[in-house]
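Engineer: Chains as they are written, first to last, in this note's numbering: chain Y, 6 to 458; chain S, -10 to 338.
This is the structure I have questions about; it appears just below.
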Amino acid sequence: MDILSRPGRPTLILAIALTLAAIAYISWKVTESPDQALQFTINGLNVGAVYALLALGFTLVYSTVWFFDLYYGAAAAIGAYAVFYLRAGQATDTAYDPANIGLNIALGLVVAGVVAWALHTAFFERLRERYAALLVRAAYLLVAVVAGGYTMILLQYPDNLHQTAAPLIALISAAVIGTVLYWTLSRFAPGSATPSQWVAILSVAAGLVVGAVAAIALAQAPESRLYISWLVSCLLAGVVSLALYRGLYAFILIRARSTLIMLVATLGVLLTITAILVMTFSNTTHPLPASFGNNLLTLGGATFKAFALFAIGCAIVGFILLWLLIHKSPLGKIIRAIGDDEQVARIVGINTTAIVAIVFFIGAMYAAFAGILTGQDIAIQPRMGLELLLKGWIASVVGGIGNLYGAILGGFLLGVVEQFGIWDIPGEWQDGVALVLLILFLSFWPRGIIPRR
Amino acid sequence: MQIRQLEISQNFSRLPQTLLFSLRNHLEIWATVIVILAAATFMLSRGTGFSITLVTVFAIWAMLAVSLNLVLGYTGLLSVGHVGFYGIGAYTAAVLTANPRQELLEGEIIQIFAWPFFAALPVAVLLCGVVALIVGVAFSRFRDDVYVLVSFGFAIIAYNVFVNWQWVTRGPFGIHQIPKPVIFGYTINDDLEFLLLTLAFLAIIVGISWLIVTSSFGRVLKAVREDEDAIEVFGYRSSRYKLAIWVISAMMAGLAGAMLATYTSFVDPNSFILLESILLVAIVILGGLASIWGSLLGALAFVLLEEGVRFVPFLPPEHVGQVRQIILGTLLVLLMLFRPQGVAGRFKL
C-alpha cells in the first residue's frame, strides 16, 4: 500500500479527537434509546457479516497477488444470479423463466476447460513417465468433457437439482471427509512417521460411505434444492474466476508494468460480465426464493430475522475455515510464501500459477456466498456486484488489508458504523457514510485497524 | 534485371509482414484514418441533422476525455470520479438557469433563479473548482490503487447527492426546461450555432490542455507519473501538483457538464452514474494515454460506437447499452493485453 509517510502530530491529534467524538456520539445515542441502539447493532452485524465475508475473500486474493481484482464484485453477482437461475421456478415471481441453453453451453465449456487444465497441471508430468502422452491427454480430455456435460445437465434441469447434484455432493463430501480423516489419523497415528496404507484406505472408504449416504439422503429431499443451488452457484463463480485467472490475467500479468494495468483489465471484465447479466436477466430487481429463518426473533427491544443469526454465523465459520487454511495447512504456507514474494516462491519450486488459481477459486467462492446471502436477505440486481465489491474493498482497507483478522473486524465495523451513521440522517446516505469512514481511515490510519506485519 | 525482379517478388511476398509492421507502429495514423472515414460515412448516410447531433455529443465527450487525460494520462492518477464534476457542472447550470413554467410546479418547493446561461457557466465551473479543491486536499495524498478506490467513493457520494438532495436537484425527477444560451440578446436555438459554440469551448479546453502539457508544469506532472518519490527528492511537492491538475481538470469537466445541461435542456441523476465514469476511463485509455489527439479520437470512436450499435440489425433496443458496454469492456481487456498505452498513447499504464 503506497500512501505517503505516517501521519504527523497534528493529524494524530485530529484522529484521536475524531475517535473520541465518535465514541461520545455513540454513547449519547445508546443512553438516549438503548432499544434502538440494540436494533441498529444487530442490523449492522447482519450487514457486516456479508461485508466480512467479502472482505475475507478480497483480502485473501489481494494479499496473494497484490493487485485489485475487480472481477471479485462480478463473482458475487454471478453467485446470486446462479441461485436465481437454478431456483427461478421456486421464486415468488414465477412468471419469469430465465432458462437459456446458450448460457448453459457456455458455462459447460468453461467448466470443461478448467477441469482439463487442472488435470493437466496436477497429473500430466507424473503420468507421462508411465503412459503415452497421447493416452494421458485423451484420458483427461474425456474427464473434462464429462464434467462439462454434467454441468450442462445440472443447469438444464434445475427442477431435479436434488437428484442431478447428488453425485457432485457425494464427490465433494467424500473428498472433504477423506482428506480431513487422513490428516487427523496420520497425525495421531502411533509409531511410524509416514502414514500407513491402512490409514489411506480407511479414510477413502469412510469418505465414500459418508458421501454416498449424503447423496442418497439429499436425493429424496426436494426441499434441499435451494441449499444445493447455493453450493453449485459458489462453485460456478469460483470456476469462472479460476478460468479468468488462468485464461486471461496470467497473460496480462507477464507483461504488466504496474498494478493499474490489472485494475483496468479487471474493470473491463467487470463491465462485460455485468452487461451480460443485464442482457440475460434484465435490469430489474428479483427476489430469491425464501429460505429458512424468516421467522422474527426479539431480543430486548430489537426485532430481527433468524436469518441474521445464520449470516453472522456464516461469517464467523468462514473466518475460521480461512484461518485454518492459511495458518494451519501446508497449502496455506505456500499461499503465504507466494504473497511474500512470488518470484522466490517460483524459484524454490512452487507451481505458483496453480496455487494462485486455487486462491482465486476460494476468493470467488467467498464473494459468491456473500452475494447469495445478500440476495436471500434483500434481493438481487445486476449492479449489486459493483456495490458489494466496493463494500468488501472498503471493509478490508478499514480493517487492514492483507490480514484476515482485519478483514472480519473491518466488515463488522463497517456494517455497524453504516447503521449508526444513518441514525439522524435519511437512510439513502448509507453509502456516503461508508465512504466517509474509508476516507477517514485512509487519511489517519492508512494501514487499517490491524496492519499486516 | 533478374535481381530487380527478385526484389519485387520478395517485396510482394513480404507484404503481410510489412502491413502488420505498419499497423503496429503507425496504429495512430491508421486508427485516425479509419475512425474519420467511418464518421464521414456514417454522417453522410444519416443526413445533416443527425450529423450535427453526433458532433455535438462528440464535443461534450471530448471535453470530458481531454480533461480526464490530464489527470489519468499525464499525471498517472486513475480517477473514476470525474462524473461527479460533470454532474456538479450540469446541476449548477441547470439549477441557476432553469425557468420552469408555473403549471409544472404545483406543490413543489424549488428556487427559481432563471439566470442567463453565460452568467451560470462561470459559477458552475468555479463551484467545480471549489469542490475539487476541498476533495483534492484529502485525495492528493493518495496514489495508485488507493486513488482509484477513493475516486470511486467520490463518484458514488456525488450521485447520492444528486438523487437525495431533493430540494435543490429535485432528485430522480430531474430538472426540466433549461434554456438555451443567449449571447448579447441573441438566443442560440439553432443546432448548428450551438454546435459551433460547443466546438469553440472544446477548442479552448484543448488549447489550455496543450499549454499545460507543453509547459514546465506539464513536465513536472509527467515526472510525478513516472516516479513520484524521485520528483519529491528534487524538491517538488508532488501532492500540490496533483491537487492543481485535479482542480483544473475538474473545472473542465464542469464546463462539459454545463454544456450538456443546456444542450439536452434536462438533467437527471441517471446521466451521472458511476458507469458513465468508467466508460469515460475506457475512452481515455482506448484513445491513448498522455495524448490529447488520442482523447479526441477515443471520444469520436465512442460516439460512433454508441450511435452505430443502434443500427445493428436483430438487436433489441433495450440491449443497445449493454452491447456497447460489452464492446468497451472487451476492448479494455484487449488493450491491457496488447497495447497498454492505448491507440495513440505515449505512456504505458
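Cβ atoms here follow ideal geometry from the backbone N, Cα and C, with glycine treated the same way.
Computed from a predicted model, the values in this text were never measured in an experiment.
Check the C-beta distance from residue 151 (chain S) over to residue 303 (chain S) and give it rounded, since I have them as a contact under 8 Å.
Structural biologist: As a first step, residue 151 (chain S) is located in the second sequence; it is residue number 162 there, counting from the start. As a first step, residue 303 (chain S) is located in the second sequence; it is residue number 314 there, counting from the start. Contact flag wrong, Cβ pair sits at about 36 Å.
Engineer: State yes or no: is the C-beta of residue 316 (chain Y) within less than 8 Å of the C-beta of residue 61 (chain Y)?
Structural biologist: Taking the first sequence and counting its residues from 1, the one referred to as residue 316 (chain Y) is at position 311. Taking the first sequence and counting its residues from 1, the one referred to as residue 61 (chain Y) is at position 56. Contact flag unset, no.
Engineer: Can you name the start and end residues of the alpha helix (DSSP H) that residue 64 (chain Y) belongs to?
Structural biologist: For the purposes of this step, residue 64 (chain Y) is identified with residue 59 of the first sequence, where counting begins at 1. Looking at the DSSP string, the run of the alpha helix (DSSP H) that includes residue 64 (chain Y) is 39 to 70.
Engineer: Report the CB separation of residue 423 (chain Y) from residue 438 (chain Y) in whole angstroms; it is logged as a contact under 8 Å.
Structural biologist: Taking the first residue of the first sequence as position 1, residue 423 (chain Y) is located at position 418. Taking the first residue of the first sequence as position 1, residue 438 (chain Y) is located at position 433. Sure, about 5 Å apart at Cβ, within 8 Å.
Engineer: Need the endpoints of the beta strand (DSSP E) that residue 307 (chain Y) sits in, please.
Structural biologist: Position 302 of the first sequence, counted from the start, is the residue given in the question as residue 307 (chain Y). Taken as a continuous stretch (DSSP letters only), the beta strand (DSSP E) holding residue 307 (chain Y) covers 307 to 310.
Engineer: In three-state terms, what does DSSP make of residue 398 (chain S)?
Structural biologist: Absent from the model: residue 398 (chain S). The displayed extent of chain S is -10 to 338, so no value can be given.
Engineer: With DSSP as the reference, please indicate the residues paired to residue 171 (chain S) in a beta bridge.
Structural biologist: Position 182 of the second sequence, counting from 1, holds the residue named residue 171 (chain S). Paired residues: S:176.
Engineer: Contact check, residue 127 (chain S) vs residue 448 (chain Y) under 8 Å by CB: the rounded distance?
Structural biologist: In the second sequence, counting from the first residue as 1, residue 127 (chain S) sits at position 138. In the first sequence, counting from the first residue as 1, residue 448 (chain Y) sits at position 443. 6 Å between Cβ atoms; contact.
Engineer: Beta-carbon of residue 169 (chain Y) versus every beta-carbon of chain S: anything under 8 Å?
Structural biologist: Start at 1 with the first residue of the first sequence, and residue 169 (chain Y) comes out as number 164. No, residue 169 (chain Y) does not count as interfacial toward chain S.
Engineer: Distance check for residue 78 (chain Y) and residue 256 (chain Y), CA to CA, integer angstroms please.
Structural biologist: For the purposes of this step, residue 256 (chain Y) is taken as the residue at position 251 of the first sequence. For the purposes of this step, residue 78 (chain Y) is taken as the residue at position 73 of the first sequence. Near 21 Å, if we compare the C-alpha coordinates of residue 78 (chain Y) and residue 256 (chain Y).
Engineer: Drop a sphere of 10 angstroms on the beta-carbon of residue 25 (chain S), count the other beta-carbons inside from all chains shown, and report buried for 16 or more, exposed for fewer.
Structural biologist: The residue labelled residue 25 (chain S) in the question sits at position 36 within the second sequence. Exposed, since its Cβ has fewer than 16 Cβ neighbours within 10 Å.
Engineer: Would you kindly work out how many angstroms separate the C-alpha atoms of residue 229 (chain S) and residue 37 (chain Y), rounded to a whole number?
Structural biologist: What you label residue 229 (chain S) is simply residue 240 of the second sequence in a count that begins at 1. What you label residue 37 (chain Y) is simply residue 32 of the first sequence in a count that begins at 1. Whole-angstrom Cα-Cα distance: 45 Å.
Engineer: Since residue 27 (chain Y) and residue 416 (chain Y) should fall inside the 8 Å C-beta cutoff, what is the C-beta to C-beta distance between them, to a whole number of angstroms?
Structural biologist: The residue labelled residue 27 (chain Y) in the question sits at position 22 within the first sequence. The residue labelled residue 416 (chain Y) in the question sits at position 411 within the first sequence. Not a contact, Cβ separation roughly 18 Å.
Engineer: Under 8 Å, do residue 373 (chain Y) and residue 44 (chain Y) count as touching if we go by C-beta distance?
Structural biologist: Stepping through the first sequence from its first residue, residue 373 (chain Y) is reached at position 368. Stepping through the first sequence from its first residue, residue 44 (chain Y) is reached at position 39. Contact flag unset, no.
Engineer: Using the C-alpha atoms, what's the distance from residue 13 (chain S) back to residue 2 (chain S)?
Structural biologist: Here residue 2 (chain S) corresponds to residue number 13 of the second sequence, with the count starting at 1. Here residue 13 (chain S) corresponds to residue number 24 of the second sequence, with the count starting at 1. So the alpha carbons of these two residues sit roughly 19 Å apart.
Engineer: So which residues of chain Y does residue 326 (chain S) contact, with C-beta pairs closer than 7 Å?
Structural biologist: The count along the second sequence starts at 1 and reaches residue 326 (chain S) at position 337. Residues of chain Y passing the Cβ test: 256 and 257.
Engineer: Looking at C-beta atoms only, is the number of pairs between the region 132 to 151 of chain Y and the region 62 to 70 of chain Y that lie closer than 8 Å three or more?
Structural biologist: Segments in contact, no.
Engineer: So residue 290 (chain Y) and residue 375 (chain Y) are supposed to be a Cβ contact under 8 Å. How far apart are they, rounded?
Structural biologist: Residue numbering aside, residue 290 (chain Y) sits at position 285 when the first sequence is read from its first letter. Residue numbering aside, residue 375 (chain Y) sits at position 370 when the first sequence is read from its first letter. Wrong, their Cβ atoms sit about 18 Å apart, outside the cutoff.
Engineer: For residue 86 (chain S), tell me which candidate among S:165, S:120, S:155 and S:37 has the shortest Cα-Cα distance.
Structural biologist: By 1-based counting over the second sequence, the position of residue 86 (chain S) is 97. When only C-alpha atoms are compared, the closest one is S:165.
Engineer: Please give the ranges of any beta strand (DSSP E) in the region 244 to 320 of chain Y, keeping only runs that are unbroken, at least 3 residues long and fully inside the region.
Structural biologist: Whole beta strand (DSSP E) segments, 3+ residues: 301 to 304 and 307 to 310.
Engineer: Below 8 Å, how does it come out for the region 25 to 34 of chain S and the region 193 to 205 of chain S: are there three or more Cβ pairs, yes or no?
Structural biologist: No, they do not touch.
Engineer: Work out the CA separation of residue 171 (chain S) and residue 141 (chain S) for me, nearest whole Å.
Structural biologist: Taking the second sequence and counting its residues from 1, one reaches residue 141 (chain S) at position 152. Taking the second sequence and counting its residues from 1, one reaches residue 171 (chain S) at position 182. Distance between the alpha carbons of residue 141 (chain S) and residue 171 (chain S): 36 Å.
Engineer: Are the beta-carbon atoms belonging to residue 163 (chain S) and residue 256 (chain S) less than 8 Å from one another?
Structural biologist: Looking up residue 163 (chain S) in the second sequence gives position 174. Looking up residue 256 (chain S) in the second sequence gives position 267. It is a contact, given that the beta carbons lie within the stated cut-off.
Engineer: Which class does residue 298 (chain S) belong to by DSSP, given the choice of helix, strand or coil?
Structural biologist: Walking along the second sequence from the start, residue 298 (chain S) turns up at place 309. Note: residue 298 (chain S) maps to helix in three-state DSSP.
Engineer: By the three-class DSSP mapping on this structure, what secondary structure does residue 332 (chain Y) have?
Structural biologist: On the first sequence, residue 332 (chain Y) is found 327 positions in, with the first residue counted as 1. Residue 332 (chain Y): helix per DSSP, three-state reduction.
Engineer: For residue 256 (chain S), which three-state DSSP category applies?
Structural biologist: In the second sequence, residue 256 (chain S) corresponds to position 267, counting from 1. Here residue 256 (chain S) sits in strand by DSSP.
Engineer: In the DSSP output, what is residue 339 (chain S) paired with across the bridge?
Structural biologist: The requested residue 339 (chain S) does not occur in the structure, where chain S is confined to residues -10 to 338.
Engineer: Please state if the CB of residue 106 (chain S) and the CB of residue 251 (chain S) are separated by a distance shorter than 8 Å.
Structural biologist: Taking the second sequence and counting its residues from 1, the one referred to as residue 251 (chain S) is at position 262. Taking the second sequence and counting its residues from 1, the one referred to as residue 106 (chain S) is at position 117. The answer is yes: Cβ separation under 8 Å.
Engineer: Using 8 Å as the limit for Cβ to Cβ distance, is residue 280 (chain Y) near chain S?
Structural biologist: Along the first sequence, read from residue 1 onward, the residue named residue 280 (chain Y) stands at position 275. Closer than 8 Å: yes.
Engineer: Should residue 63 (chain S) be counted as a contact of the ligand NAD given a C-beta to heavy atom distance under 7 Å?
Structural biologist: As presented, the structure is devoid of all ligands, the ligand NAD included, so that no description of it is given.
Engineer: Just verifying my parser: in three-state terms, what is the DSSP assignment at residue 66 (chain S)?
Structural biologist: Locating residue 66 (chain S) in the second sequence gives position 77, counting from the first residue. Reduced to three states, the DSSP call for residue 66 (chain S) is coil.
Engineer: At 4 residues or longer, what runs of the alpha helix (DSSP H) sit wholly inside the region 322 to 376 of chain Y?
Structural biologist: Complete alpha helix (DSSP H) runs here, min 4: 335 to 345 and 347 to 352.
Engineer: Taking the alpha-carbon of residue 53 (chain S) as reference, which of S:190, S:327, S:258 and S:317 has the nearest alpha-carbon?
Structural biologist: Taking the first residue of the second sequence as position 1, residue 53 (chain S) is located at position 64. Of the listed residues, the one whose Cα sits closest to residue 53 (chain S) is S:190.
Engineer: Using a threshold of 8 Å, state whether the C-beta atoms of residue 442 (chain Y) and residue 414 (chain Y) are closer than that.
Structural biologist: The count along the first sequence starts at 1 and reaches residue 442 (chain Y) at position 437. The count along the first sequence starts at 1 and reaches residue 414 (chain Y) at position 409. No. Outside cutoff.
Engineer: In the DSSP assignment, what residue or residues form a beta bridge with residue 406 (chain Y)?
Structural biologist: Mapped onto the first sequence, residue 406 (chain Y) falls at position 401. DSSP, once it has assigned bridges, lists no residue as partnering residue 406 (chain Y).
Engineer: Just verifying my parser: in three-state terms, what is the DSSP assignment at residue 182 (chain Y)?
Structural biologist: Residue numbering aside, residue 182 (chain Y) sits at position 177 when the first sequence is read from its first letter. In the structure shown, residue 182 (chain Y) sits in a helix (DSSP, three-state: H, G or I).
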